[in-house]
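Below: the structure, in C-alpha coordinates.
Right, dumping it as C-alpha coordinates:
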(Lines of atoms letter the chains of each structure in order from A and count residues from 1; the text may use other names and numbers.)
(Lines give C-alpha, C1' and ligand atoms only; values in the text may rest on other atoms or scores of the structure.)
Protein backbone atom coordinates (compact mmCIF):
# COMPACT_ATOMS: atom_id res chain seq x y z
CA UNK A 1 0.00 0.00 0.00
CA UNK A 2 2.81 2.40 0.95
CA UNK A 3 4.67 1.60 -2.26
CA UNK A 4 1.55 2.27 -4.34
CA UNK A 5 1.00 5.61 -2.61
CA UNK A 6 4.64 6.60 -3.13
CA UNK A 7 4.34 5.66 -6.80
CA UNK A 8 1.22 7.82 -7.18
CA UNK A 9 2.96 10.76 -5.52
CA UNK A 10 5.96 10.41 -7.80
CA UNK A 11 3.73 10.27 -10.88
CA UNK A 12 1.81 13.32 -9.73
CA UNK A 13 5.06 15.19 -9.17
CA UNK A 14 6.29 14.17 -12.62
CA UNK A 15 3.16 15.47 -14.35
CA UNK A 16 3.26 18.66 -12.31
CA UNK A 17 6.80 19.44 -13.43
CA UNK A 18 5.97 18.38 -16.98
CA UNK A 19 3.06 20.83 -16.98
CA UNK A 20 5.31 23.49 -15.48
CA UNK A 21 7.86 23.01 -18.26
CA UNK A 22 5.16 22.95 -20.97
CA UNK A 23 3.71 26.22 -19.66
CA UNK A 24 7.15 27.84 -19.67
CA UNK A 25 7.78 26.69 -23.25
CA UNK A 26 4.37 27.96 -24.29
CA UNK A 27 5.06 31.36 -22.71
CA UNK A 28 8.31 31.67 -24.67
CA UNK A 29 6.63 30.65 -27.93
CA UNK A 30 3.81 33.12 -27.40
CA UNK A 31 6.29 35.94 -26.84
CA UNK A 32 8.32 34.88 -29.86
CA UNK A 33 5.14 35.09 -31.92
CA UNK A 34 3.59 38.37 -30.88
CA UNK A 35 6.49 40.54 -29.73
CA UNK A 36 7.97 40.97 -33.27
CA UNK A 37 4.49 41.81 -34.57
CA UNK A 38 4.00 44.45 -31.92
CA UNK A 39 7.48 45.86 -32.40
CA UNK A 40 6.81 46.25 -36.13
CA UNK A 41 3.48 47.90 -35.36
CA UNK A 42 5.13 50.38 -33.00
CA UNK A 43 7.82 51.16 -35.59
CA UNK A 44 5.11 51.87 -38.17
CA UNK A 45 3.03 53.99 -35.77
CA UNK A 46 4.67 55.09 -32.47
CA UNK A 47 1.26 56.18 -31.15
CA UNK A 48 -0.11 52.65 -31.08
CA UNK A 49 -0.97 51.31 -27.61
CA UNK A 50 -0.83 47.55 -28.00
CA UNK A 51 2.96 47.40 -27.86
CA UNK A 52 2.91 48.79 -24.31
CA UNK A 53 0.81 46.02 -22.81
CA UNK A 54 1.95 44.04 -19.81
CA UNK A 55 0.21 42.04 -17.13
CA UNK A 56 0.62 42.36 -13.40
CA UNK A 57 -2.91 41.67 -12.17
CA UNK A 58 -4.99 42.08 -15.33
CA UNK A 59 -6.31 39.08 -17.23
CA UNK A 60 -4.19 39.87 -20.28
CA UNK A 61 -2.03 42.93 -20.98
CA UNK A 62 -4.49 45.60 -19.89
CA UNK A 63 -2.29 46.81 -17.02
CA UNK A 64 0.38 48.07 -19.39
CA UNK A 65 -2.03 49.72 -21.80
CA UNK A 66 -3.85 51.54 -19.00
CA UNK A 67 -0.48 52.65 -17.62
CA UNK A 68 0.55 54.01 -21.02
CA UNK A 69 -2.74 55.85 -21.57
CA UNK A 70 -2.33 57.74 -18.30
CA UNK A 71 1.33 58.38 -19.03
CA UNK A 72 0.12 60.26 -22.10
CA UNK A 73 -2.91 62.11 -20.73
CA UNK A 74 -1.86 62.38 -17.07
CA UNK A 75 -3.98 61.63 -14.02
CA UNK A 76 -6.17 63.87 -11.88
CA UNK A 77 -7.81 62.17 -8.90
CA UNK A 78 -6.46 58.63 -9.54
CA UNK A 79 -9.87 57.16 -8.81
CA UNK A 80 -11.30 54.02 -10.43
CA UNK A 81 -14.70 52.39 -10.53
CA UNK A 82 -14.71 48.78 -11.73
CA UNK A 83 -17.71 46.51 -11.92
CA UNK A 84 -17.21 42.89 -12.68
CA UNK A 85 -14.10 43.06 -10.47
CA UNK A 86 -13.93 39.29 -9.93
CA UNK A 87 -11.94 38.08 -6.95
CA UNK A 88 -9.68 41.14 -7.03
CA UNK A 89 -6.60 39.20 -8.07
CA UNK A 90 -7.34 39.50 -11.79
CA UNK A 91 -8.90 42.73 -12.99
CA UNK A 92 -8.04 46.09 -14.52
CA UNK A 93 -7.56 48.18 -11.38
CA UNK A 94 -5.69 46.03 -8.83
CA UNK A 95 -2.34 47.21 -10.19
CA UNK A 96 -3.59 50.79 -9.87
CA UNK A 97 -4.69 50.15 -6.29
CA UNK A 98 -1.23 48.92 -5.36
CA UNK A 99 0.42 51.92 -7.02
CA UNK A 100 -1.47 54.60 -5.12
CA UNK A 101 -4.94 54.76 -6.64
CA UNK A 102 -8.25 54.23 -4.85
CA UNK A 103 -11.75 53.35 -5.84
CA UNK A 104 -14.74 51.06 -5.82
CA UNK A 105 -15.23 47.44 -6.88
CA UNK A 106 -18.58 45.83 -7.54
CA UNK A 107 -19.28 42.20 -8.37
CA UNK A 108 -22.30 39.93 -8.28
CA UNK A 109 -20.43 36.90 -6.98
CA UNK A 110 -20.52 36.21 -3.25
CA UNK A 111 -17.29 34.19 -3.39
CA UNK A 112 -15.57 36.96 -5.33
CA UNK A 113 -16.43 39.57 -2.73
CA UNK A 114 -15.32 37.25 0.08
CA UNK A 115 -11.98 36.91 -1.72
CA UNK A 116 -11.68 40.70 -1.95
CA UNK A 117 -12.45 41.05 1.75
CA UNK A 118 -9.79 38.44 2.56
CA UNK A 119 -6.98 39.58 0.28
CA UNK A 120 -7.54 43.35 0.47
CA UNK A 121 -8.46 43.80 4.11
CA UNK A 122 -5.80 46.48 4.67
CA UNK A 123 -6.94 48.51 1.65
CA UNK A 124 -10.56 48.21 2.78
CA UNK A 125 -9.71 49.31 6.33
CA UNK A 126 -7.76 52.31 5.05
CA UNK A 127 -10.62 53.41 2.80
CA UNK A 128 -8.52 53.22 -0.36
CA UNK A 129 -10.86 50.50 -1.58
CA UNK A 130 -14.60 50.04 -1.17
CA UNK A 131 -16.53 47.05 -2.38
CA UNK A 132 -20.06 45.73 -2.65
CA UNK A 133 -21.69 42.53 -3.79
CA UNK A 134 -24.43 43.40 -6.23
CA UNK A 135 -25.65 42.31 -9.64
CA UNK A 136 -25.24 45.20 -12.09
CA UNK A 137 -27.99 46.05 -14.56
CA UNK A 138 -28.90 48.99 -16.78
CA UNK A 139 -31.69 49.77 -14.32
CA UNK A 140 -29.55 50.00 -11.17
CA UNK A 141 -26.15 51.24 -12.36
CA UNK A 142 -26.81 54.93 -11.80
CA UNK A 143 -28.18 54.40 -8.31
CA UNK A 144 -25.09 52.30 -7.54
CA UNK A 145 -22.85 55.11 -8.77
CA UNK A 146 -24.69 57.64 -6.62
CA UNK A 147 -24.55 55.35 -3.60
CA UNK A 148 -20.80 54.89 -4.06
CA UNK A 149 -20.27 58.65 -4.28
CA UNK A 150 -18.16 58.26 -7.37
CA UNK A 151 -16.28 61.37 -8.52
CA UNK A 152 -18.07 62.47 -11.73
CA UNK A 153 -14.66 63.14 -13.33
CA UNK A 154 -12.95 59.97 -12.12
CA UNK A 155 -9.92 58.82 -14.05
CA UNK A 156 -10.96 55.25 -14.91
CA UNK A 157 -14.17 53.30 -15.46
CA UNK A 158 -13.76 49.57 -16.17
CA UNK A 159 -16.69 47.45 -17.38
CA UNK A 160 -16.49 43.67 -17.58
CA UNK A 161 -19.75 41.84 -16.79
CA UNK A 162 -19.67 39.26 -19.61
CA UNK A 163 -22.94 40.20 -21.23
CA UNK A 164 -24.81 43.45 -20.79
CA UNK A 165 -21.69 45.64 -20.91
CA UNK A 166 -22.96 47.72 -23.87
CA UNK A 167 -26.37 48.36 -22.33
CA UNK A 168 -24.98 49.28 -18.92
CA UNK A 169 -22.47 51.73 -20.41
CA UNK A 170 -25.26 53.20 -22.52
CA UNK A 171 -27.38 53.68 -19.38
CA UNK A 172 -24.66 55.41 -17.34
CA UNK A 173 -25.36 59.11 -16.82
CA UNK A 174 -24.02 61.86 -14.61
CA UNK A 175 -20.34 60.92 -14.76
CA UNK A 176 -17.63 61.62 -17.33
CA UNK A 177 -14.71 59.29 -16.67
CA UNK A 178 -11.54 60.25 -18.48
CA UNK A 179 -10.85 56.68 -19.62
CA UNK A 180 -13.22 53.75 -20.17
CA UNK A 181 -12.11 50.14 -20.57
CA UNK A 182 -14.77 47.72 -21.77
CA UNK A 183 -14.77 44.12 -22.95
CA UNK A 184 -15.79 43.50 -26.56
CA UNK A 185 -16.82 40.38 -28.46
CA UNK A 186 -14.20 39.85 -31.15
CA UNK A 187 -16.31 37.17 -32.84
CA UNK A 188 -17.94 39.94 -34.86
CA UNK A 189 -15.46 41.94 -36.93
CA UNK A 190 -15.93 45.47 -38.24
CA UNK A 191 -18.09 46.79 -39.77
CA UNK A 192 -20.71 44.59 -38.07
CA UNK A 193 -22.58 46.26 -35.23
CA UNK A 194 -23.82 43.37 -33.08
CA UNK A 195 -25.12 43.62 -29.51
CA UNK A 196 -26.40 40.90 -27.23
CA UNK A 197 -30.10 41.38 -26.59
CA UNK A 198 -30.53 42.99 -23.21
CA UNK A 199 -31.40 40.55 -20.46
CA UNK A 200 -31.03 41.84 -16.88
CA UNK A 201 -30.84 38.24 -15.61
CA UNK A 202 -28.11 37.18 -18.04
CA UNK A 203 -25.36 34.89 -16.74
CA UNK A 204 -22.40 34.13 -19.01
CA UNK A 205 -22.17 30.43 -19.91
CA UNK A 206 -18.50 30.54 -21.01
CA UNK A 207 -19.46 30.54 -24.70
CA UNK A 208 -18.85 33.28 -27.27
CA UNK A 209 -22.39 34.55 -26.73
CA UNK A 210 -21.78 37.77 -24.82
CA UNK A 211 -21.46 41.50 -25.09
CA UNK A 212 -21.10 43.62 -28.18
CA UNK A 213 -18.91 43.93 -31.24
CA UNK A 214 -16.16 46.53 -31.32
CA UNK A 215 -17.95 48.57 -33.99
CA UNK A 216 -21.09 48.80 -31.85
CA UNK A 217 -18.99 50.00 -28.92
CA UNK A 218 -17.06 52.45 -31.08
CA UNK A 219 -20.29 54.16 -32.13
CA UNK A 220 -21.70 54.14 -28.60
CA UNK A 221 -18.46 55.63 -27.33
CA UNK A 222 -18.60 58.38 -29.92
CA UNK A 223 -22.18 59.20 -28.89
CA UNK A 224 -21.02 59.51 -25.29
CA UNK A 225 -18.00 61.68 -26.20
CA UNK A 226 -15.22 59.08 -26.35
CA UNK A 227 -12.67 57.99 -28.94
CA UNK A 228 -11.63 54.37 -29.41
CA UNK A 229 -7.84 54.57 -29.01
CA UNK A 230 -6.84 50.89 -28.99
CA UNK A 231 -7.42 47.24 -28.14
CA UNK A 232 -5.24 44.69 -26.41
CA UNK A 233 -3.35 41.94 -28.19
CA UNK A 234 -5.70 39.20 -26.95
CA UNK A 235 -8.68 40.84 -28.66
CA UNK A 236 -10.64 41.20 -25.44
CA UNK A 237 -10.72 44.79 -24.18
CA UNK A 238 -11.25 48.12 -25.90
CA UNK A 239 -9.83 51.39 -24.57
CA UNK A 240 -11.65 54.70 -24.87
CA UNK A 241 -10.40 58.19 -23.99
CA UNK A 242 -12.66 61.20 -23.57
CA UNK A 243 -12.62 63.29 -26.73
CA UNK A 244 -11.32 66.45 -25.06
CA UNK A 245 -8.19 64.59 -23.93
CA UNK A 246 -7.25 62.79 -27.13
CA UNK A 247 -5.43 65.52 -29.06
CA UNK A 248 -2.74 63.95 -31.23
CA UNK A 249 -1.63 61.48 -28.56
CA UNK A 250 -3.11 58.29 -30.02
CA UNK A 251 -3.18 56.33 -33.23
CA UNK A 252 -5.88 57.57 -35.62
CA UNK A 253 -8.40 56.97 -37.04
CA UNK A 254 -10.36 56.10 -33.92
CA UNK A 255 -12.41 53.40 -35.56
CA UNK A 256 -13.05 49.72 -35.02
CA UNK A 257 -11.62 49.02 -38.47
CA UNK A 258 -8.30 50.53 -37.41
CA UNK A 259 -8.01 49.16 -33.88
CA UNK A 260 -9.78 45.79 -34.06
CA UNK A 261 -7.90 42.75 -32.76
CA UNK A 262 -9.33 39.27 -33.34
CA UNK A 263 -9.76 36.96 -30.36
CA UNK A 264 -6.32 35.60 -29.55
CA UNK A 265 -6.85 34.21 -26.10
CA UNK A 266 -3.70 32.07 -26.35
CA UNK A 267 -1.78 35.33 -26.04
CA UNK A 268 -2.82 35.33 -22.38
CA UNK A 269 0.16 33.72 -20.68
CA UNK A 270 -0.59 32.51 -17.20
CA UNK A 271 -0.18 29.45 -15.06
CA UNK A 272 2.64 27.41 -13.61
CA UNK A 273 5.40 29.73 -14.79
CA UNK A 274 4.14 32.58 -12.61
CA UNK A 275 4.05 33.15 -8.90
CA UNK A 276 0.47 32.67 -7.70
CA UNK A 277 -1.27 36.01 -7.43
CA UNK A 278 -1.66 37.40 -3.96
CA UNK A 279 -2.39 40.65 -2.20
CA UNK A 280 -1.59 42.39 1.05
CA UNK A 281 -0.44 45.72 2.43
CA UNK A 282 2.20 47.56 0.39
CA UNK A 283 4.04 50.81 1.08
CA UNK A 284 4.74 53.35 -1.66
CA UNK A 285 8.13 54.98 -1.17
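In the working numbering, the protein residues as written are 58 to 342.
Heads up, the beta-carbon is just placed ideally off N, CA and C, and yes, glycines get one too.
Predicted model, so just to flag it, every value in this text is computed and none were measured.
query                                                                                        : result
Distance between residue 146 and residue 97 (C-alpha atoms, nearest Å)                       : 32 Å
Residue 163 versus residue 255: straight-line alpha-carbon distance, rounded                 : 20 Å
Segment limits, alpha helix (DSSP H) that includes residue 183                               : 178–183
Continuous beta strand (DSSP E) stretch holding residue 129: start and end                   : Note, residue 129: premise wrong, no beta strand (DSSP E); alpha helix (DSSP H) at 119–130.
Coarse secondary structure for residue 164, derived from DSSP in three states                : strand
Distance CB(residue 289)-CB(residue 130) smaller than 8 Å                                    : no
Spatial distance of residue 277 from residue 193 (CA atoms)                                  : 19 Å
For residue 186, the first and last residue of its enclosing beta strand (DSSP E)            : 186–190
Residue 88 versus residue 82 - alpha carbon distance                                         : 10 Å
Through-space distance from residue 140 to residue 200, alpha-carbon basis                   : 14 Å
Which residues DSSP lists as bridging residue 294, in chain order                            : 240
Same chain only: Cβ atoms within 8 Å of residue 120, ignoring 5 sequence neighbours per side : 110, 111, 112, 113, 114, 149, 152
Three CB pairs or more closer than 8 Å across the region 173–186 and the region 206–224      : no
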